[in-house]
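Every letter in the sequence shown is one number past the one before it in the numbering used here, and letter 20, counting from 1, is 27.
Working notes, beginning with the structure itself.
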Amino acid sequence: MSTKEFEENLKNFYKLLLQEKACLVAGQPEKLLKIVDQKREYIKPFQTFNDQLTPVIKNLIKKVQQQQQENLLLTKQSIGFEEMLLKTIRNNLKESNLIYSKDPHKKGNDDISLIDWQA
C-alpha cells in the first residue's frame, strides 16, 4: 500500500470514528454494529503498512487515537448509565409495596407485574 493510500485509509477511518461518536451520543446501538464491522476492515491494511510515516500520517494517527479515546469514554459512560438505570429499577421493584398516602402505615399491593393477571 502506498503512502497516499494509507493517508486516505486513515482519513476514512477517522470519518468512521466521527460517525461512531455521533451514534454513541445519539444512543443508536443498531448503527454502531455496522460501524464496528466497517472498522474491522481497516485492521489488516493498517497492520501491513511498512513505509515511512510522514508528518501528515503522524497527525492523522494522533487524531484517530484521540477520537478512539473519546469514543471509548462515551461507550463507558453509556454502559455506566445503563447499569445505573437497571440498578435503580431493581431497587424500586424491591420496594414496590410502598405507596404515597396520608396514612404512613398503609401498604400497597405486593403483586408486581406489567400485566394484571387477575383481570
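Glycine included, each C-beta is placed from N, C-alpha and C at the ideal position.
If you're wondering where the values come from, they're calculated on a predicted model, not measured in any experiment.
Pairing Arg47 with Gln84, the inter-Cα distance amounts to about 23 Å. The three-state secondary structure of Thr61, taken from DSSP, is coil. Counting only the Cα atoms, Glu12 lies some 12 Å from Phe20. In this structure, the beta-carbon distance from Thr55 to Met8 falls below 8 Å. Under the three-state reduction of DSSP, Tyr21 is assigned to helix. About 22 Å separates the Cβ atoms of Thr95 and Leu31, ruling out a contact at the 8 Å cut-off. By the criterion of a C-beta distance shorter than 8 Å, Val71 is surrounded in its chain by Leu17, Phe20, Tyr21 and Leu24, once the five residues flanking it on both sides are discounted.
Under the 10 Å beta carbon count, Ile42 is surrounded by 16 or more other beta carbons and is classified as buried. Sequence-distant Cβ neighbours of Pro52 in its own chain, meaning closer than 7 Å and more than five residues away, are Met8 and Asn16.
Burial check for Glu27: the Cβ neighbour count within 10 Å reaches 16 or more, so the residue is buried. For Phe53, the enclosing alpha helix (DSSP H) covers residues Ile50 to Thr55.
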